[in-house]
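Quick notes on the structure that follows.
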Amino acid sequence: MPLSLLKYGLRRDYVPHGDIPPTPDLKKSYDVVIVGGGGHGLAAAYYLSHVHGITDVAILEKGYLAGGNTARNTTTVRSNYMTEQSVAFYKEGVSLFETMSHDLGFNVMFSQRGQLTLAHSDATMRSFRLRAEMGKHMGTRIEVVDAKAVQEICPHVNMDFGGQHEVLGGLWHEDGGTARHDAVAWGYAKRAAEKGVEIHQRTEVQGFRKSGDRVTHVITDRGEIAAGQVLQAVGGLNGQVAELAGFRLPIRSFPLQAMVTQPLKPFLDVLLSSANMHTYLVQSSRGEVVIGGGSDPYQLVSTRSTFDQKEALAAGAVHLVPFLHNVKLLRQWAGITDMTPDYSPIMGESPLRNYWLDCGWGTWGFKATPVAGKRMAETIATGRVPEILKPFALSRFEHFALVNEMGATAASH
Amino acid sequence: MKILDCPLNGPRNITEFQYLGPLRQEEAEDAGSLVARVFFPPNPAGVLVEWWRHTTSNTVFLAERDTLTDEVLRTWLPDRKSHEEFPA
Ligand SMILES: Cc1cc2nc3c(=O)[nH]c(=O)nc-3n(C[C@H](O)[C@H](O)[C@H](O)COP(=O)(O)OP(=O)(O)OC[C@H]3O[C@@H](n4cnc5c(N)ncnc54)[C@H](O)[C@@H]3O)c2cc1C
Numbered sequence: 001m002p003l004s005l006l007k008y009g010l011r012r013d014y015v016p017h018g019d020i021p022p023t024p025d026l027k028k029s030y031d032v033v034i035v036g037g038g039g040h041g042l043a044a045a046y047y048l049s050h051v052h053g054i055t056d057v058a059i060l061e062k063g064y065l066a067g068g069n070t071a072r073n074t075t076t077v078r079s080n081y082m083t084e085q086s087v088a089f090y091k092e093g094v095s096l097f098e099t100m101s102h103d104l105g106f107n108v109m110f111s112q113r114g115q116l117t118l119a120h121s122d123a124t125m126r127s128f129r130l131r132a133e134m135g136k137h138m139g140t141r142i143e144v145v146d147a148k149a150v151q152e153i154c155p156h157v158n159m160d161f162g163g164q165h166e167v168l169g170g171l172w173h174e175d176g177g178t179a180r181h182d183a184v185a186w187g188y189a190k191r192a193a194e195k196g197v198e199i200h201q202r203t204e205v206q207g208f209r210k211s212g213d214r215v216t217h218v219i220t221d222r223g224e225i226a227a228g229q230v231l232q233a234v235g236g237l238n239g240q241v242a243e244l245a246g247f248r249l250p251i252r253s254f255p256l257q258a259m260v261t262q263p264l265k266p267f268l269d270v271l272l273s274s275a276n277m278h279t280y281l282v283q284s285s286r287g288e289v290v291i292g293g294g295s296d297p298y299q300l301v302s303t304r305s306t307f308d309q310k311e312a313l314a315a316g317a318v319h320l321v322p323f324l325h326n327v328k329l330l331r332q333w334a335g336i337t338d339m340t341p342d343y344s345p346i347m348g349e350s351p352l353r354n355y356w357l358d359c360g361w362g363t364w365g366f367k368a369t370p371v372a373g374k375r376m377a378e379t380i381a382t383g384r385v386p387e388i389l390k391p392f393a394l395s396r397f398e399h400f401a402l403v404n405e406m407g408a409t410a411a412s413h
Numbered sequence: 414m415k416i417l418d419c420p421l422n423g424p425r426n427i428t429e430f431q432y433l434g435p436l437r438q439e440e441a442e443d444a445g446s447l448v449a450r451v452f453f454p455p456n457p458a459g460v461l462v463e464w465w466r467h468t469t470s471n472t473v474f475l476a477e478r479d480t481l482t483d484e485v486l487r488t489w490l491p492d493r494k495s496h497e498e499f500p501a
């Protein structure tokens, strides 16, 4: 191996190869048009082409591949939600991450290191017990731990004994982990492209042509294309793109901000978060400490950052792990999140018959990239919404059948 | 820090205010529009009319803000009597 590697490195006729071909010309029509080239759209294209044999697929991405929230998230993967419907869904997501590198032949650097969420109040401990019981019932690895166990799992935590934010215990979720976000998107893109899926970067969807309750054409800034079926997965702009298609979604856009520190030697081998402090930390494989995630307090369709949010995140991080107080920040950024009233996604049917929704992913959709892609592909291929997605239908709002995950989402996305 | 112009107290730091969300057109009392009123608030990429509260003085007012640029175009106290909540 080392010798062949050396020979390979010294070869003069080395041809660099890209993972995906350059953007081709648009054809006149496609069986399936996917609006949005983020992780979700790419995963759906992968499953359509590899599992369902549907390869006449175009992905339309207005910017560059996976440059939306897929590029901006803090990569928390977990299934410790509150409701049965959510745990069932996200559990499937976690299990797909476990085999993703092998399935794709692409290293997505999934590191299942466990997630520890801290409680600083009795109310939080009570909600943790609920989540732990639900998680056990559903067959995930989750338990409530006391303060002593918190110290054993993560010795760096400031326990603040006797202080205002004393750590009373935690929710320990061994299934939790983190993966390389760009690799997830590029792995799906590469494998989908191999099957003939066309990825059109810098192609913005500007409207739709309809006939009755069906979409017939997708209007882009590079021309108009006929579409058999359409999947909408445009991240932060889901509300606005649905309006282009002629209907409204229960979505509001808010920026979510995060940041990373300079690299430190490895010290944090779990995902650490605090419900009360609205801060969570994870150390990347480069050693940088990723700190997230503060939502702006008011609606905004912009990826601008603010000093206020960064200050609040830094205060939380320094409180949880005081030795970070002298560490410098390397980068900071924001993404537009498509927030739903119940902190759950909207998947499945839209008011249009051949137009499917993979929306409302807000601050929590990276972990769902594989499972949403798999299940949305199944929906498109069969024309039927699978049981596991039904609780997340758009129609749940009409029936006041919400899937409330606010408490299990706000602290750690 | 971002400054918001309270119609009663003048320009103050944004941290003194509470966001109360977009002004909704639908009536909560009308069963037919209740779902829209509760779950489908306006979310434009552009000018939004929204409620704010200056917390220390408990002044509730309306603002017109561009959600693309985060520019506050104007703020005013609603005239409840004449139902002139909407911008002229
Ligand atoms: C700071 C931050 C931290 C987060 N942390 C986590 C986390 O730890 N764990 C987690 O699970 N989730 C997290 N999330 C949420 C997660 O990033 C998203 O829910 C997820 O990436 C959504 O994937 P997507 O493919 O649906 O959307 P995106 O990745 O946003 O892709 C949508 C694409 O659609 C394109 N698009 C938009 N409009 C058009 C148009 N008109 N025509 C063509 N293309 C268009 C966009 O350019 C974009 O590339 C976080 C988000 C942010 C912002």
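Sequence lines, in order, name chains A and B. All residue numbers for the first sequence refer to the working numbering, where the first residue is 1 and numbers rise by one. All residue numbers for the second sequence refer to the working numbering, where the first residue is 414 and numbers rise by one. The beta carbon of each residue, even a glycine, is placed where N, CA and C say it ideally should be. All figures in this text were calculated on a predicted structure; none of them were measured in a lab.
Annotated three-state conformation of P370/A is helix, per DSSP.
Here G212/A carries a coil assignment [DSSP, helix/strand/coil]. Relative to the non-hydrogen atoms of ligand 1, the Cβ of T363/A comes within a distance shorter than 7 Å of at least one.
In this structure, the beta-carbon distance from A44/A to D338/A does not fall below 8 Å. The three-state secondary structure of P435/B, taken from DSSP, is strand. Those residues of the stretch 444-460 of chain B placed with their C-beta closer than 7 Å to a C-beta in chain A are V448, F452, F453, P454, N456, A458, ordered along the chain. Per DSSP, L244/A is one residue of the alpha helix (DSSP H) stretching across 238-244. G68/A sits close to G235/A, with the two beta carbons spaced by under 8 Å. Secondary structure of W465/B (DSSP, three-state): strand. Contact with chain B is found for E398/A, since one of that chain's Cβ atoms lies less than 8 Å from the residue's Cβ. Taking CB atoms only, R304/A has a neighbour in chain B less than 8 Å away. Chain A has a Cβ within less than 8 Å of the Cβ of L481/B.
Using a Cβ-Cβ cut-off of 8 Å, D221/A does not count as an interface residue toward chain B, since no Cβ of chain B sits closer than that to its own. Relative to ligand 1, V270/A has its C-beta separated by 7 Å or more from all heavy atoms. Counting only runs of at least 4 residues, the stretch 29-107 of chain A fully encloses the following alpha helix (DSSP H) elements, listed from N- to C-terminal order: 39-51, 69-72, 84-104. Contact with chain B is found for Q240/A, since one of that chain's Cβ atoms lies less than 8 Å from the residue's Cβ.
Annotation: Q283/A is outside any alpha helix (DSSP H); the continuous beta strand (DSSP E) that includes it extends over 279-283. H40/A has its CB nearer than 7 Å to a heavy atom of ligand 1. Assigned with DSSP and collapsed to three states, T480/B falls in coil, not helix or strand.
Residue side-chain check: H173/A keeps its Cβ at 7 Å or more from all non-hydrogen atoms of ligand 1.
Remark: three or more beta-carbon pairs, one from each stretch, lie closer than 8 Å, so the stretch 163-180 of chain A and the stretch 68-81 of chain A are flagged as touching. Short note on G383/A: C-beta not closer than 7 Å to any heavy atom of ligand 1. Nearest in C-alpha terms to W361/A, of all of G105/A, G39/A, V289/A, is G39/A. Sorting I416/B, L436/B, P491/B by C-alpha distance to the C-alpha of V462/B places L436/B at the top. Looking at L330/A, T303/A, R396/A, L300/A, the one whose alpha-carbon comes closest to that of A314/A is L330/A.
In this structure A368/A is in contact with P345/A, their Cβ atoms being roughly 7 Å apart against a cut-off of 8 Å. Close partners of V301/A in chain B (Cβ separation under 7 Å): A458, T480, L481. Under the DSSP assignment, Q115/A falls in the beta strand (DSSP E) whose first and last residues are 115-119. Chain A places a beta carbon closer than 8 Å to that of P435/B, counting this residue as a contact. In summary, T99/A is exposed, with fewer than 16 beta-carbon neighbours lying within 10 Å of its beta-carbon over all protein chains present. For M134/A, the enclosing alpha helix (DSSP H) stretches over residues 122-137. Per DSSP, the continuous alpha helix (DSSP H) segment holding L320/A begins and ends at 307-320. With a 10 Å radius around the Cβ and a threshold of 16 neighbouring Cβ atoms, G348/A comes out buried. Its chain contains G177, T178, A179, S285 as the residues whose beta carbon lies nearer than 8 Å to that of S111/A, once the 5 sequence neighbours on both sides are disregarded; these appear in chain order.
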